[in-house]
Amino acid sequence: MSTDVTSDFKKFSNLSLADDPKMVMKSNRCNRCYLATLLISCLAFLAVGILIGYFVKDNTTPNDNETNPASGLTGQPSVEEAIRKILNRLDKSKIKENLRLYSSDTRMSGTPGGNELVHILEKSWKEAGIDSVKTTPYDVLMSYPNDTHPNKIQLMSGNTVLFESATAEKALDADSNKKTIVAPFNAFASAGVAEGDLVYVNYARIEDFMYLTKNLSMDLTGKVLIARYGKIFRGSKVENAQNHNASGIVMYTDPSDFNMAGEATYPKSWWMPDTGVQRGTVGPDGDFLTPFYPAKDYAYRKTEKDIAEFRIPAQPISYGDAEKFLRELNGVEAPPDWRGKLNITYRIGTGFSNASLRAKLIVNNFEEIRTIYNVIGYIKGSVEPDRYILLGNHYDAWVFGSIDPLSGTAALTEIIHSLGDMLKQGIRPKRTIVFCSWGAEEHGLFGSTEWVEEYMKVLYERSIAYLNVDYAADYNYVLTAGTSPLLQDTLYETTKLIANPDKTSSYKTLYDIWNKRAPGENGEPSVYYSLGSGSDMATFYQRAGVPSVDMWFTYNSDKWPILSYPVYHSAYETIYLYENYIDPDYSYNLAMAQLWSGMAWKLANDDLLKFDVRRYSTAITHFVSNLENKFSKSWHAQNVNIDALKSAAQNLTDSANKFQTYVKSASIKSAIDYRIINDKMIQFERAFIDPEGLPERRIYKHVIFAPSKYDSYSDNDFPGIVDTMFEIESNNVVDKWDQLKQQVSIATFTIQSAANTLDDVGL
1 MSTDVTSDFK KFSNLSLADD PKMVMKSNRC NRCYLATLLI SCLAFLAVGI LIGYFVKDNT
61 TPNDNETNPA SGLTGQPSVE EAIRKILNRL DKSKIKENLR LYSSDTRMSG TPGGNELVHI
121 LEKSWKEAGI DSVKTTPYDV LMSYPNDTHP NKIQLMSGNT VLFESATAEK ALDADSNKKT
181 IVAPFNAFAS AGVAEGDLVY VNYARIEDFM YLTKNLSMDL TGKVLIARYG KIFRGSKVEN
241 AQNHNASGIV MYTDPSDFNM AGEATYPKSW WMPDTGVQRG TVGPDGDFLT PFYPAKDYAY
301 RKTEKDIAEF RIPAQPISYG DAEKFLRELN GVEAPPDWRG KLNITYRIGT GFSNASLRAK
361 LIVNNFEEIR TIYNVIGYIK GSVEPDRYIL LGNHYDAWVF GSIDPLSGTA ALTEIIHSLG
421 DMLKQGIRPK RTIVFCSWGA EEHGLFGSTE WVEEYMKVLY ERSIAYLNVD YAADYNYVLT
481 AGTSPLLQDT LYETTKLIAN PDKTSSYKTL YDIWNKRAPG ENGEPSVYYS LGSGSDMATF
541 YQRAGVPSVD MWFTYNSDKW PILSYPVYHS AYETIYLYEN YIDPDYSYNL AMAQLWSGMA
601 WKLANDDLLK FDVRRYSTAI THFVSNLENK FSKSWHAQNV NIDALKSAAQ NLTDSANKFQ
661 TYVKSASIKS AIDYRIINDK MIQFERAFID PEGLPERRIY KHVIFAPSKY DSYSDNDFPG
721 IVDTMFEIES NNVVDKWDQL KQQVSIATFT IQSAANTLDD VGL
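Residues 1 to 763 in full-length UniProt numbering are what the sequence shown lists, from first letter to last.
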């Protein structure tokens with residue numbers, strides 16, 4: 001019998017019914033026999049294929065990238081093998097080249113220097129060979145000083161100016177002599193003139209104002225205040241001054257916080273000289289004119305007259321200039337913990353020892369809408385392109401930004417080139433990696449906030465983690481990390497793969513030296529969970545519910561209990577400073593690049609995410625216990641339902657333990673099995689997001705961790721509860737008890753909802 005179906009068909013197709021009916025019937029029977037035989041053969045081959053596939057699948061292991069059904073491309077190295085390739089490829093000499101280029105000019109967003117760096121980054125990232133690079137523009141309200149009418153504070157006697165603060169920092173090297181340096185100012189401080197008696201208010205915290213108004217019975221209405229930087233966000237200082245009806249506030253860097261050693265100063269050391277000034281914003285997060293929505297060309301905008309955040313002038317000055325004013329103050333001596341390290345007797349005021357003197361603060365800031373840009377790069381995942389790991393750093397700086405942020409930007413670009421080389425070798429992550437260089441972070445997290453607002457719907461559903469490095473290193477001693485509890489294990493595991501950057505130490509890995517220099521609980525390195533809103537992770541964590549981490553290398557705070565690295569946001573934060581005092585051989589910057597990229601690769605490639613939900617339940621149980629210990633007496637008196645809150649916390653613990661046991665014992669045989677478990681863990685963080693937001697602060701939506709109402713740099717555990725209790729106890733606001741009960745109820749509901757997300761069905 002012929003097996004050529006085509007020739008058989010041709011042979012029989014030439015016959016017609018008119019020729020020979022018997023022959024037609026016979027040919028039809030032959031065709032049917034042939035087709036049946038062909039069908040049976042195909043089914044047999046299909047069955048054999050299925051059996052082979054079954055037995056091959058049965059022999060796979062979860063970490064076998066050659067055969068695992070979730071692994072995507074075949075022939076890929078294991079996760080750890082790929083990480084070793086990345087770590088070996090990263091080159092600190094390239095990081096050094098990047099940082100020297102990036103910090104060669106001033107880089108404020110909305111200025112020529114800032115826009116130039118956008119083009120430099122975009123070009124370099126494209127050359128790295130990643131899948132795509134784009135810039136995302138936003139038209140936001142920006143704030144700048146007036147070049148022709150600079151800000152200043154004057155010591156006046158009648159109409160005579162006895163002393164005037166410097167309008168620029170003294171040039172101490174070639175960099176700090178550049179004409180592109182922007183004069184010291186506080187972004188979004190109101191333009192205007194404040195004139196009157198001067199009052200020293202320590203750090204301008206709530207408790208400082210309580211001491212002045214309650215203990216000393218001072219009325220601060222119309223007064224010009226002077227405060228030292230530190231402890232809380234500078235914008236909170238301005239807000240506190242405004243709430244006490246002050247006419248203006250001046251802030252300075254006291255040497256107790258920025259040159260505590262009393263040693264030689266920059267350029268002979270890293271300590272702030274008496275001519276240095278810390279710039280910084282006093283505004284909130286995100287564009288003023290388009291709250292909750294991206295500042296695109298189609299956006300509805302509030303008018304500037306509708307902005308009521310700040311109504312008083314504010315200005316930073318050096319501690320050398322501040323001393324001239326503080327030396328002349330009269331009034332009672334400041335308490336011991338209010339005294340800095342200036343060579344004066346710290347007094348509070350009001351006014352000066354010479355009654356004819358007065359302070360005059362002149363601020364000429366202006367606001368205008370300017371276009372800012374983010375640079376965004378992508379490597380598309382091979383298996384789950386709709387699941388994202390995001391790496392973020394901002395590129396804008398108040399001046400040169402050799403530490404903040406460009407040490408991080410230099411590392412990020414080298415990571416992109418390293419992963420670009422991996423792509424050229426055919427090595428691609430399973431999940432999509434997104435690289436983010438944010439604009440206008442310094443003015444108020446503008447670039448990241450507007451981008452998250454634009455892509456909120458997608459990020460909320462698909463993001464696995466956001467890894468933030470505001471800057472790589474401000475000194476060469478120890479790693480510091482704030483993290484969501486969910487990312488803690490990935491952070492620890494990655495540090496064990498990285499060499500200790502301190503070559504004088506006998507400790508082998510970054511994990512070992514970190515655990516030695518910053519020991520935490522349970523024999524693990526110390527981390528903190530309260531991320532605050534001091535950098536770009538804020539909007540991801542507080543509004544989109546994306547598990548986030550923020551990390552950098554820093555100094556020994558036991559040796560130097562200072563508030564930040566000394567020359568923070570000044571004109572002296574130069575490449576000379578970085579290469580002579582911060583990280584001379586770039587070993588710590590390299591270690592940060594390795595940690596950052598290693599975490600990203602693990603998160604993008606681990607079949608099963610290393611998220612241990614029990615860390616979250618343990619933390620929440622601890623927080624609830626703290627609330628009970630602190631407030632149980634007053635809560636019971638007011639019938640606040642703490643028992644339901646405790647019950648929800650216990651339910652979460654039970655669900656977390658059950659879920660983690662299931663994850664460890666589950667028989668996972670397909671990509672969909674991994675996807676189901678991973679999605680539960682990803683969405684677990686989102687369960688703590690309340691769409692209604694916190695009282696009077698709808699922009700913050702995380703019920704467990706959010707910036708304090710009185711200091712956006714730091715977080716509160718259960719912020720809605722803690723801030724309300726602060727108002728009740730500190731301000732005797734008795735009508736807040738109903739709000740407190742509501743916040744406890746919301747926390748109870750949220751914790752129980754999180755427990756439900758871990759159940760098989762959850763309904």
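Just so you know, even glycine gets a beta-carbon here, dropped at the ideal spot from N, CA and C.
Quiz prompt | Minimum C-alpha distance to N146 - residue among V546, F188 and N731 | solution = What you label residue 146 is simply residue 146 of the sequence shown in a count that begins at 1. Here the closest residue by C-alpha is F188.
Quiz item: Which of the three DSSP states, helix, strand or coil, is assigned to D585?
Solution: Against the sequence shown, residue 585 aligns to sequence position 585. D585 falls in the coil class under three-state DSSP.
Quiz item: For the alpha helix (DSSP H) that M422 lies in, which residues bound it at each end?
Solution: For the purposes of this step, residue 422 is taken as the residue at position 422 of the sequence shown. Here the alpha helix (DSSP H) through M422 covers L406 to K424.
Exercise. If I'm right that G262 touches K341 with Cβ under 8 Å, what's the distance once you round it to whole angstroms?
Key: On the sequence shown, position 262 is the one that residue 262 refers to. On the sequence shown, position 341 is the one that residue 341 refers to. Rounded, the Cβ-Cβ distance is 7 Å, consistent with contact.
Quiz item: What's the call for R311, buried or exposed, on a 16-neighbour Cβ count within 10 Å?
Solution: Position 311 of the sequence shown, counted from the first residue, corresponds to residue 311. Exposed is the call here.
Self-check item: Distance CB(V640)-CB(V744) smaller than 8 Å
Solution: As a first step, residue 640 is located in the sequence shown; it is residue number 640 there, counting from the start. As a first step, residue 744 is located in the sequence shown; it is residue number 744 there, counting from the start. Closer than 8 Å, so yes.
Quiz item: For N98, which of I575, V624 and K610 has the nearest alpha-carbon?
Solution: Along the sequence shown, read from residue 1 onward, the residue named residue 98 stands at position 98. The option with the nearest alpha carbon to N98 is I575.
Quiz item: Which ranges would you report for the alpha helix (DSSP H) in the region 225-308 if only whole runs of at least 4 residues count?
Solution: 234-243 and 255-258
Quiz item: Cα separation between E384 and T432?
Solution: Here the question's residue 384 lines up with position 384 in the sequence shown. Here the question's residue 432 lines up with position 432 in the sequence shown. Near 7 Å, if we compare the C-alpha coordinates of T432 and E384.
Quiz prompt | Opposing strand residues paired with R686 [DSSP bridges] | solution = The count along the sequence shown starts at 1 and reaches residue 686 at position 686. Partner(s): none; R686 has no beta bridge.
Self-check item: As assigned by DSSP and simplified to three states, the class of N468
Solution: Start at 1 with the first residue of the sequence shown, and residue 468 comes out as number 468. Here N468 sits in strand by DSSP.
Quiz prompt | Where A499 falls: helix, strand or coil (DSSP) | solution = Taking the first residue of the sequence shown as 1, we reach residue 499 at position 499. In this structure, A499 counts as strand in the three-state DSSP scheme.
Quiz item: With a CB to CB cut of under 7 Å and the five nearest residues on each side skipped, what residues in its chain are close to K170?
Solution: As a first step, residue 170 must be located in the sequence shown, where it is residue number 170. Answer for K170: T275, listed in chain order.
Quiz item: Do you know offhand how far S41's Cα is from A666's?
Solution: Here residue 41 refers to the residue found at position 41 when the sequence shown is read from its first residue. Here residue 666 refers to the residue found at position 666 when the sequence shown is read from its first residue. Bear in mind that a pLDDT of 49 at S41, under 50, signals an unreliable position, so the number given afterwards is only what the model happens to contain. Rounded to whole angstroms, S41 to A666 spans 38 Å at the Cα level.
Quiz item: Considering only residues of the same chain and omitting the five flanking positions on each side of G53, which have a CB-CB separation below 8 Å?
Solution: Here residue 53 refers to the residue found at position 53 of the sequence shown. Confidence at G53 is low in this model, with a pLDDT of 41, below 50, so the placement of that residue is unreliable and no value is reported for it.
Exercise. Using the Cα positions of Y455 and L603, report the straight-line distance between them to the nearest angstrom.
Key: If you number the sequence shown from 1, residue 455 lands on position 455. If you number the sequence shown from 1, residue 603 lands on position 603. Roughly 21 Å between the two C-alpha positions.
Quiz item: Ordered along the chain, which non-local residues of its own chain (more than five positions away) have a Cβ less than 7 Å from that of G401?
Solution: Numbered from 1 along the sequence shown, position 401 holds the residue referred to as residue 401. Cβ within range, chain order: S103, R107 and E573.
Quiz item: What did DSSP end up calling W596 once you bin it into helix, strand or coil?
Solution: The residue given as residue 596 occupies position 596 in the sequence shown. W596 falls in the helix class under three-state DSSP.
Quiz item: Nearest CA to the CA of S533: which residue from N589, V527, P525 and Q542?
Solution: Residue numbering aside, residue 533 sits at position 533 when the sequence shown is read from its first letter. With distances taken between Cα atoms, S533 lies closest to Q542.
Practice problem: Select from N605, A747 and Q650 the residue whose C-alpha is nearest the C-alpha of S78. | Solution: Position 78 of the sequence shown holds residue 78. Ranking the options by Cα distance to S78, first place goes to N605.
Quiz item: How far does the alpha helix (DSSP H) with I721 in it reach, from first residue to last?
Solution: Locating residue 721 in the sequence shown gives position 721, where the first residue counts as 1. Element bounds for I721: P719 to N731.
Self-check item: Rounded separation between S165 and M156 - CA only
Solution: If you number the sequence shown from 1, residue 165 lands on position 165. If you number the sequence shown from 1, residue 156 lands on position 156. Their backbone Cα atoms lie some 12 Å apart in a straight line.
Quiz item: So is K633 buried or exposed if we call it buried at 16+ other beta carbons inside 10 Å?
Solution: As a first step, residue 633 is located in the sequence shown; it is residue number 633 there, counting from the start. Burial call: exposed.
Self-check item: Ordered list of alpha helix (DSSP H) runs contained in the region 476-536, each at least 4 residues
Solution: 488-495 and 510-517
Quiz item: From R614 to D654, what distance separates their C-alpha atoms?
Solution: Residue mapping note: residue 614 aligns to position 614 of the sequence shown, counting from 1. Residue mapping note: residue 654 aligns to position 654 of the sequence shown, counting from 1. Looking at the two C-alpha atoms, the distance is approximately 9 Å.
Quiz prompt | Euclidean distance between Cα positions of M599 and E333 | solution = In the sequence shown, residue 599 corresponds to position 599, counting from 1. In the sequence shown, residue 333 corresponds to position 333, counting from 1. Cα to Cα, the separation comes out at about 52 Å.
Quiz item: So what's residue 777 in DSSP terms, helix, strand or just coil?
Solution: In the structure as shown, the chain begins at 1 and stops at 763. Residue 777 is therefore absent and cannot be evaluated.
Quiz prompt | Same chain only: Cβ atoms within 8 Å of M260, ignoring 5 sequence neighbours per side | solution = Numbered from its first residue, the sequence shown carries residue 260 at position 260. These residues qualify, in order along the chain: K341, W560, P561 and I562.
Quiz prompt | Straight-line gap, S557 to P405 (C-alpha atoms, nearest Å) | solution = Position 557 of the sequence shown, counted from the start, is the residue given in the question as residue 557. Position 405 of the sequence shown, counted from the start, is the residue given in the question as residue 405. Roughly 21 Å separates the two Cα atoms.
Exercise. Pull up the distance between the alpha-carbon of Y616 and that of K736, whole angstroms please.
Key: Counting from one through the sequence shown, the residue named residue 616 turns up at place 616. Counting from one through the sequence shown, the residue named residue 736 turns up at place 736. Roughly 29 Å separates the two Cα atoms.
Quiz item: Can you check whether the CB of S597 is closer than 8 Å to the CB of S418?
Solution: The residue given as residue 418 occupies position 418 in the sequence shown. The residue given as residue 597 occupies position 597 in the sequence shown. Contact: yes.
Exercise. Compare the C-alpha of V182 against each of N365, Y565, I746 and R301 and name the closest.
Key: Position 182 of the sequence shown, counting from 1, holds the residue named residue 182. Closest by alpha carbon: N365.
Quiz prompt | Cβ neighbours of A755 in the same chain (closer than 6 Å, five flanking residues each side left out) | solution = Taking the sequence shown and counting its residues from 1, the one referred to as residue 755 is at position 755. Here the set comprises N651, L652 and S655.
Exercise. Find the nearest neighbour of Y529 within the set G110, I389 and S484, judged by alpha-carbon distance.
Key: Here residue 529 corresponds to residue number 529 of the sequence shown, with the count starting at 1. Out of G110, I389 and S484, S484 has the C-alpha closest to the C-alpha of Y529.
Self-check item: 7 Å Cβ shell around A227 - same chain, five flanking residues per side excluded
Solution: As a working note, residue 227 is residue 227 in the sequence shown. Cβ within range, chain order: V201, N202, Y203, A204, K237, I249 and M251.
Quiz item: Beta-carbon of P294 versus every beta-carbon of chain D: anything under 8 Å?
Solution: Protein chains in the displayed structure number just one, and chain D is not present.
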